[in-house]
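Asker: Using our numbering, the first residue of the sequence shown is number 37, and each one after it goes up by one.
Just dropping this structure here.
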Amino acid sequence: MFDFKSAKKRVDEAINPTHMFYSEIFSDLSKNNVYIKPENLQKTGSFKLRGAYNKISKMDEESKSVGIVTASAGNHAQGVAFSANHQGIKAIVCMPETTPMIKVDGTLKYGAEVDLHGQTFDETNTYAQELAKEKGYTFIPPYDDEDVIEGQGTIALEILESLQEADYILVPIGGGGLVSGIAKCAKEMKPEIKIVGVEPANAASMQAAMEKGGPITLDSADTIADGTAVARVGDITYEICKENVDEYISVTEEEIMVALTTLMEKHKLVAEPSGALSLAASKKLGCKNKNVVCVISGGNIDMSFISQLIHKGLYEDGRIARFTVELQNAPGKLRDLLDVIAYTKANIVEVLHDSLAATSRYKNIQVEITLETNGKDHIRKIKDILTEKGYNIH
37 MFDFKSAKKR
47 VDEAINPTHM
57 FYSEIFSDLS
67 KNNVYIKPEN
77 LQKTGSFKLR
87 GAYNKISKMD
97 EESKSVGIVT
107 ASAGNHAQGV
117 AFSANHQGIK
127 AIVCMPETTP
137 MIKVDGTLKY
147 GAEVDLHGQT
157 FDETNTYAQE
167 LAKEKGYTFI
177 PPYDDEDVIE
187 GQGTIALEIL
197 ESLQEADYIL
207 VPIGGGGLVS
217 GIAKCAKEMK
227 PEIKIVGVEP
237 ANAASMQAAM
247 EKGGPITLDS
257 ADTIADGTAV
267 ARVGDITYEI
277 CKENVDEYIS
287 VTEEEIMVAL
297 TTLMEKHKLV
307 AEPSGALSLA
317 ASKKLGCKNK
327 NVVCVISGGN
337 IDMSFISQLI
347 HKGLYEDGRI
357 ARFTVELQNA
367 PGKLRDLLDV
377 IAYTKANIVE
387 VLHDSLAATS
397 RYKNIQVEIT
407 LETNGKDHIR
417 KIKDILTEKG
427 YNIH
């Protein structure tokens with residue numbers, strides 16, 4: 037039995053209020069009224085704090101005095117570490133030995149003890165549960181736990197208190213804890229509201245579970261949205277979603293990258309790839325003029341990864357173009373090509389001159405051009421003009 041209002045009182049001791057705001061750009065793109073719930077601005081950088089804090093708060097004093105343990109290499113680790121530290125409880129976070137140091141340091145700074153063990157998450161998770169049994173620690177699951185789900189559901193309370201007229205809530209899905217909590221709470225408050233779960237197309241484990249009639253393990257969950265790269269959803273989360281989630285949308289890697297770059301460029305907000313799933317899906321809703329809330333689940337992303345995502349996102353959005361052109365190896369030919377490109381109003385970012393590349397004629401050379409462009413129509417226009425001028429484009 038869930039009591040979301042009591043959970044809200046508990047988590048309010050620790051969380052930041054994440055105020056929703058209207059997004060003009062995503063509203064225009066989706067033909068709906070899109071509002072963003074930015075849990076990337078939450079303490080520890082994600083929604084995970086809510087579930088962990090609620091779970092730990094409900095432990096009895098004897099269990100608290102012994103301590104807690106969990107297994108995670110991501111947002112759950114930091115949520116547990118912060119929650120335990122806030123309540124003065126010993127916490128051990130088990131992580132795979134391959135975990136990047138930035139994530140280890142991010143957990144240590146919240147006061148937890150980090151135990152690196154195992155090469156894969158499954159090995160680490162098994163070790164953490166064995167440690168819990170051996171030492172008497174309470175194991176804090178990342179998603180398949182009613183107290184954790186109850187904590188995540190407090191987001192729905194905040195959404196509907198801020199926007200009673202909400203018609204849809206779009207929620208990223210990994211193991212299912214976030215969408216389960218939001219769906220269960222939102223349906224209790226407003227039965228007619230539509231809950232849409234969003235998954236990476238490469239890791240759509242909840243949709244696979246719905247098709248098979250129960251959780252199954254995917255052969256692969258390879259996606260840039262690593263926070264939702266879960267091969268098997270939870271048993272509890274599956275049952276809740278089966279009764280409370282109205283629709284599922286899958287988004288491609290390219291759609292995720294475009295949503296991320298749009299969010300950064302237009303709203304000056306940084307999200308992790310998993311956090312932007314709902315925004316990527318907002319353009320795929322089969323409705324218009326509805327009030328749509330997109331939950332950004334987190335914003336913990338390595339700085340080195342951001343530049344890659346921005347570049348790829350701009351490429352997919354038609355803001356960057358790259359192609360190769362064959363030229364006669366003679367003075368002035370490269371200048372002639374660049375003059376044509378200048379005429380198209382594209383900005384040249386990079387020119388790579390390769391005299392050793394295979395070409396259709398022995399005396400030709402290959403030039404790779406990278407351009408800043410104004411969209412896919414602009415790219416098509418550039419290629420058409422170059423083709424008309426007799427250039428061989430690849």
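Note that beta-carbon positions come from the ideal geometry of N, C-alpha and C, so glycine has one too.
Measure the C-alpha to C-alpha separation of residue 404 and residue 290 and round it to an integer number of angstroms.
Answerer: Distance between the alpha carbons of residue 404 and residue 290: 23 Å.
Asker: Helix, strand or coil: which one does DSSP assign to residue 329?
Answerer: Residue state, collapsed to three classes: strand.
Asker: According to DSSP, is residue 122 part of a helix, a strand, or is it coil?
Answerer: Residue 122 falls in the helix class under three-state DSSP.
Asker: Around the Cβ of residue 378, are there at least 16 other Cβ atoms within 10 angstroms (buried) or fewer (exposed)?
Answerer: Exposed, by the Cβ-count rule.
Asker: Does the Cβ-Cβ distance between residue 121 and residue 82 come in under 8 Å?
Answerer: Result no, Cβ atoms of residue 121 and residue 82 do not sit closer than 8 Å.
Asker: As a quick exercise: from 243, 274, 296 and 239, pick the residue whose alpha carbon is nearest that of residue 258.
Answerer: Nearest of 243, 274, 296 and 239 to residue 258, Cα basis: 239.
Asker: Taking the beta strand (DSSP E) that residue 153 belongs to, which residues open and close that run?
Answerer: Element bounds for residue 153: n/a, residue is neither H nor E.
Asker: So, at 7 Å on beta carbons, what are the nonlocal neighbours of residue 277 in its own chain, with the 5 sequence-adjacent residues on each side left out?
Answerer: If we look at residue 277 and ignore the five residues flanking it on each side, its Cβ neighbours are 212, 215, 216, 219, 233 and 242.
Asker: Considering just the uninterrupted stretch of the beta strand (DSSP E) at residue 303, what are its terminal residues?
Answerer: Looking at the DSSP string, residue 303 is not in any beta strand (DSSP E); the run it does join, the alpha helix (DSSP H), is 289 to 303.
Asker: State the beta-bridge partners of residue 401 as determined by DSSP.
Answerer: Note: residue 401 sits in a beta bridge opposite 363.
Asker: Compare the beta carbon distance of residue 432 and residue 167 with 8 Å and say whether it is the shorter of the two.
Answerer: In this structure the chain extends from 37 to 430, so residue 432 is not present and cannot be described.
Asker: Among the candidates 206, 163, 333 and 348, whose CA atom is the shortest distance from the CA of residue 307?
Answerer: Comparing Cα-Cα distances from residue 307 to each of 206, 163, 333 and 348, the minimum goes to 333.
Asker: Ignoring anything shorter than 3 residues or poking outside the stretch 211 to 284, list the beta strand (DSSP E) runs there in chain order.
Answerer: Correct list: 230 to 236.
Asker: Measure the alpha-carbon distance for residue 272 versus residue 134 and round it to whole angstroms.
Answerer: Near 29 Å, if we compare the C-alpha coordinates of residue 134 and residue 272.
Asker: Over the uninterrupted beta strand (DSSP E) stretch that includes residue 207, give me the two end residues.
Answerer: Element bounds for residue 207: 204 to 208.
Asker: Exposed or buried, residue 195, counting other C-beta atoms within 10 Å across all chains shown (16 or more means buried)?
Answerer: Burial call: buried.
Asker: Return helix, strand or coil for residue 146, following the three-state DSSP convention.
Answerer: Note: residue 146 maps to coil in three-state DSSP.
Asker: At what residues does the beta strand (DSSP E) containing residue 40 begin and finish?
Answerer: From DSSP, residue 40 is part of no beta strand (DSSP E) but of the alpha helix (DSSP H) over 40 to 47.
Asker: Go to residue 389, then tell me how far its beta strand (DSSP E) extends in each direction, as first and last residue.
Answerer: Note, residue 389: beta strand (DSSP E), 383 to 390.
Asker: According to DSSP, simplified to helix, strand and coil, what is residue 356?
Answerer: Strand, per DSSP.
Asker: What does a CB cutoff of less than 7 Å around residue 298 pick up in its chain, not counting 5 residues either side in sequence?
Answerer: Contacts found: 61.
Asker: Would you call the stretch 71 to 87 and the stretch 314 to 333 touching, i.e. three or more CB-CB distances under 8 Å?
Answerer: Contact holds: three or more Cβ-Cβ distances are below 8 Å.
Asker: For a test of the three-state rule: what should DSSP assign to residue 173, helix, strand or coil?
Answerer: Residue state, collapsed to three classes: coil.
Asker: Just confirm the distance between the C-beta atoms of residue 326 and residue 69, as a whole number of angstroms; I'd bet it's less than 8 Å.
Answerer: Confirmed, Cβ separation roughly 7 Å.
Asker: Identify, in the order they occur along the chain, each residue of the same chain with its Cβ nearer than 7 Å to the Cβ of residue 177, setting aside the five sequence neighbours on each side.
Answerer: Result list for residue 177: 184, in chain order.
Asker: Please list, in chain order, all residues of the same chain as residue 151 whose beta carbon is under 6 Å from its beta carbon, the five residues on each side excluded.
Answerer: Result list for residue 151: 128 and 130, in chain order.
Asker: May I ask which residues mark the beginning and end of the alpha helix (DSSP H) holding residue 369?
Answerer: That run of the alpha helix (DSSP H) goes 369 to 379.
Asker: Suppose the cutoff is 6 Å on Cβ atoms and the five residues either side in sequence are ignored; what does the same chain contact list for residue 76 look like?
Answerer: Closer than 6 Å at the Cβ level, and outside the excluded window around residue 76, lie 307, 311, 332, 334 and 335.
Asker: By Cβ distance, which residues of its chain are closer than 6 Å to residue 115, with the 5 residues on each side in sequence left out?
Answerer: Once the five neighbours on either side are set aside, the close Cβ partners of residue 115 are 80, 84, 85 and 88.
Asker: For residue 429 and residue 360, I'd like the C-alpha separation in whole angstroms.
Answerer: Cα to Cα, residue 429 sits roughly 6 Å from residue 360.
Asker: What is the rounded straight-line gap between the Cα of residue 21 and the Cα of residue 39?
Answerer: For the chain, the structure presents residues 37 to 430; residue 21 sits outside this window and is missing.
Asker: Going by C-alpha to C-alpha distance, which of 267, 260, 374 and 246 sits closest to residue 253?
Answerer: Selected option, being the one with the closest Cα: 267.
Asker: Report the partner residues of residue 106 according to the DSSP bridge assignment.
Answerer: DSSP output for residue 106 lists 129 as bridge partner(s).
Asker: Given a threshold of 16 other Cβ atoms within 10 Å of its Cβ, counted over all protein chains shown, does residue 156 qualify as buried or as exposed?
Answerer: Exposed.
Asker: Please list, in chain order, all residues of the same chain as residue 193 whose beta carbon is under 8 Å from its beta carbon, the five residues on each side excluded.
Answerer: The answer, listed in chain order, is 40, 41, 44, 221 and 225.
Asker: Taking 8 Å as the cut-off, decide whether the C-beta atoms of residue 315 and residue 264 are in contact.
Answerer: Cβ atoms of residue 315 and residue 264: not closer than 8 Å.
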